[in-house]
Amino acid sequence: MKIRVATYNIHKGVSSIRAEPRVLALKQAIGMFDADVVFLQEVQGKHDLKAAKYGAEHLGTKHWPAAAQHEYFAGESRHLHAAYGMNAIYDHGHHGNALLSAFPIASQANRDVSDHAYEQRGILHCVLDTPRGPVHCYVVHLGLFESGRRRQTQALINAVKETAPHGEPVVIAGDFNDWRNTLSAELYNALGVVEAFDEIEGSNTALGEIMRKLRRKGSIIPARTFPAALPFFRLDRIYVRSFTVDTAQVMHGSLWAKLSDHAPIVASLTLA
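According to full-length UniProt numbering, the residues represented by the sequence shown are 1 to 272, in order.
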């Protein structure tokens, strides 16, 4: 069974400069992924101030939909199923992680992994009901401080071990903020996952297999995704277990630079 997945930090649906709404353009862009499952971070579940300023009277590119962003993205698309994990709550609204899926979502749970009061983070776990059985999806957005990210990574490892037993298929994707790339080897060793770009580099060659094994010992190199206008930092990842990675790419260029500060990643997978 083949599954196409994407991960995207959408910057709460507003542009990086002047914070103008980009929700309509984001919906169209997500459709361009042609993905079965989309992992989203910084999804605005509610924002009363934006809704009041860019509500029903704005029908153009600056329109702010009445529905939560994950519901708006799922509407009239191939992603008939959507889940949302609310992490940050404030007077005028809230935001968090979300998952859009062409497969039914059998269950969902949001685990609070906030490391301090000023940075609310969560791990959204969804079990997809696919023709080949359950697939566990974890939407991740880790913190800005390395010590906190290490604790959150351990929480992620514990969550996967507790909820996806017996080697069941797993996709972990999102914004890891791991710009020094200190977490990949830990995830590989603890969970047996592989990172999408590490898996495809040099594939189908004996030398490529040797290089992958060496990288997994501590020098795995994910793709550059931030900032979207000129990607330099390696912040966004797709890790998989029980899948082979057929293709993986970063969507970059002028279109994506206008939509968010992160560039999205899209990967095609085959269930092993």
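Glycine included, every Cβ here is placed at the ideal spot set by N, Cα and C.
Only a predicted model underlies this, so the values are computations on that prediction, with no experimental measurement involved.
Discussion item. On a Cα-Cα basis, can you pick out the residue from ASP112, GLN28, ARG180 that is closest to ALA155?
Written reply: The count along the sequence shown starts at 1 and reaches residue 155 at position 155. Nearest C-alpha to ALA155: ASP112.
Practice prompt. Report the option in THR130, GLU186, HIS262 whose CA atom is closest to the CA atom of VAL226.
Written response: Translated into the one-based positions of the sequence shown, residue 226 becomes position 226. Contrary to the premise, residue 226 reads as Phe rather than Val in this sequence. Here the closest residue by C-alpha is HIS262.
Worksheet item: Hey, would you say ASP91 sits closer than 8 Å to ASP175, going by beta carbons?
Response: The residue labelled residue 91 in the question sits at position 91 within the sequence shown. The residue labelled residue 175 in the question sits at position 175 within the sequence shown. Result no, Cβ atoms of ASP91 and ASP175 do not sit closer than 8 Å.
Practice prompt. Look at GLU20 and HIS95 and say whether their C-beta atoms are less than 8 Å apart.
Written response: In the sequence shown, counting from the first residue as 1, residue 20 sits at position 20. In the sequence shown, counting from the first residue as 1, residue 95 sits at position 95. Not in contact: GLU20 and HIS95 (Cβ atoms no closer than 8 Å).
Worksheet item: Can you find at least 3 beta carbon pairs, one from the region 20–29 and one from the region 229–248, that sit closer than 8 Å?
Response: no
Worksheet entry | Buried versus exposed call for ALA272 [16 or more other C-beta atoms within 10 Å across all chains shown] | Residue mapping note: residue 272 aligns to position 272 of the sequence shown, counting from 1. By the 10 Å Cβ count, ALA272 comes out exposed.
Discussion item. Give me, in chain order, the residues of the same chain whose beta-carbon lies closer than 6 Å to that of PHE145; leave out the 5 immediate sequence neighbours on both sides.
Written reply: The sequence position of residue 145 within the sequence shown is 145, counting from 1. Hits under 6 Å: none found.
Worksheet entry | Beta-carbon proximity check, LEU40 vs LEU128, cutoff 8 Å | Along the sequence shown, read from residue 1 onward, the residue named residue 40 stands at position 40. Along the sequence shown, read from residue 1 onward, the residue named residue 128 stands at position 128. No, Cβ-Cβ distance for LEU40 and LEU128 is not below 8 Å.
Worksheet item: Which word fits MET32, buried or exposed, when buried means at least 16 other C-beta atoms lie within 10 angstroms of its C-beta?
Response: Against the sequence shown, residue 32 aligns to sequence position 32. MET32 comes out exposed.
Item to complete: Measure from the alpha carbon of GLN120 to the alpha carbon of each residue in ASN97, ALA159, PHE103, ARG132, then state which is nearest.
Response: The residue labelled residue 120 in the question sits at position 120 within the sequence shown. Residue ASN97 is the option with its Cα nearest to GLN120.
Discussion item. Excluding the 5 residues flanking GLN108 on each side, which residues of the same chain have their C-beta closer than 6 Å to its C-beta?
Written reply: The count along the sequence shown starts at 1 and reaches residue 108 at position 108. Counting only Cβ-Cβ distances below 6 Å, and skipping sequence neighbours, we find ALA83, CYS126.
Item to complete: Could you work out which residue in GLN44, GLY45, HIS63, LYS46 is closest to GLN53 when comparing CA atoms only?
Response: Numbered from its first residue, the sequence shown carries residue 53 at position 53. Sequence check: residue 53 is Lys here, not Gln. Here the closest residue by C-alpha is HIS63.
Worksheet item: In the structure shown, what three-state DSSP assignment does ALA263 receive?
Response: By 1-based counting over the sequence shown, the position of residue 263 is 263. Of the three classes helix, strand and coil, the one that applies to ALA263 here is coil, per DSSP.
Worksheet item: Using the C-alpha atoms, what's the distance from MET86 back to SER184?
Response: Taking the first residue of the sequence shown as 1, we reach residue 184 at position 184. Taking the first residue of the sequence shown as 1, we reach residue 86 at position 86. Using only the alpha carbons, I get a separation of about 26 Å.
Discussion item. Which of the three DSSP states is assigned to SER53 in this structure?
Written reply: The sequence position of residue 53 within the sequence shown is 53, counting from 1. In the sequence under discussion, the amino acid at residue 53 is Lys, which differs from the Ser named in the question. Reduced to three states, the DSSP call for LYS53 is helix.
Item to complete: Within the same chain, show all residues whose beta-carbon is closer than 6 Å to that of LYS12, passing over the 5 residues directly before and after it, in chain order.
Response: Position 12 of the sequence shown, counted from the first residue, corresponds to residue 12. Excluding residues within five positions, the ones whose Cβ falls inside 6 Å are GLU42, GLN44, HIS95.
Discussion item. Taking 7 Å as the limit between beta carbons, can you name the residues of its chain near GLY55, skipping five residues before and five after?
Written reply: For the purposes of this step, residue 55 is taken as residue 55 along the sequence shown, with counting starting at 1. TRP64, listed in sequence order.
Discussion item. Short of 8 Å in beta carbon distance, which residues of its chain neighbour LYS217, apart from the five on each side in sequence? Order them along the chain.
Written reply: The residue given as residue 217 occupies position 217 in the sequence shown. Residue placement at LYS217 is flagged as unreliable, the pLDDT there being 48, under the threshold of 50; the coordinate-derived value follows with that caveat. Answer for LYS217: ALA185, listed in chain order.
Item to complete: Whole angstroms is fine: what's the gap from TYR188's alpha carbon to ALA229's?
Response: Indexing the sequence shown from 1 puts residue 188 at position 188. Indexing the sequence shown from 1 puts residue 229 at position 229. C-alpha separation (whole angstroms): 30 Å.
Practice prompt. Taking the CB atoms as reference points, tell me whether VAL5 and ILE238 lie closer together than 8 Å.
Written response: As a working mapping, residue 5 is identified with position 5 in the sequence shown. As a working mapping, residue 238 is identified with position 238 in the sequence shown. In this structure, ILE238 lies closer than 8 Å to VAL5 by Cβ.
Fill in: Presumed contact (8 Å Cβ cut-off) between ARG132 and MET1, rounded CB distance
Along the sequence shown, read from residue 1 onward, the residue named residue 132 stands at position 132. Along the sequence shown, read from residue 1 onward, the residue named residue 1 stands at position 1. Indeed they touch by this definition, with Cβ atoms about 5 Å apart.
Worksheet entry | Range covered by the beta strand (DSSP E) that runs through GLN152 | Residue numbering aside, residue 152 sits at position 152 when the sequence shown is read from its first letter. That residue, GLN152, is in no beta strand (DSSP E); its alpha helix (DSSP H) goes 146–163.
Discussion item. Short of 8 Å in beta carbon distance, which residues of its chain neighbour PHE103, apart from the five on each side in sequence? Order them along the chain.
Written reply: The count along the sequence shown starts at 1 and reaches residue 103 at position 103. Closer than 8 Å at the Cβ level, and outside the excluded window around PHE103, lie ASP36, VAL37, HIS81, LEU128, ASP129, THR130, VAL135.
Fill in: Between the CA atoms of LEU124 and GLY93 - distance to the nearest angstrom
In the sequence shown, the residue the question calls residue 93 occupies position 93. In the sequence shown, the residue the question calls residue 124 occupies position 124. Distance between the alpha carbons of GLY93 and LEU124: 19 Å.
Worksheet item: Just the Cα atoms here: how many angstroms apart are ILE172 and VAL139?
Response: Looking up residue 172 in the sequence shown gives position 172. Looking up residue 139 in the sequence shown gives position 139. Looking at the two C-alpha atoms, the distance is approximately 6 Å.
Worksheet item: Taking the Cβ atom as the reference point for each residue, do GLU195 and PRO222 lie within a distance shorter than 8 Å?
Response: Your numbering for residue 195 matches position 195 in the sequence shown. Your numbering for residue 222 matches position 222 in the sequence shown. Cβ atoms of GLU195 and PRO222: closer than 8 Å.
Practice prompt. Along the alpha helix (DSSP H) that carries GLY91, what are the first and last residues, could you check?
Written response: On the sequence shown, position 91 is the one that residue 91 refers to. For the sequence presented, residue 91 should be read as Asp rather than Gly. Looking at the DSSP string, ASP91 is not in any alpha helix (DSSP H), and its letter there is neither H nor E.
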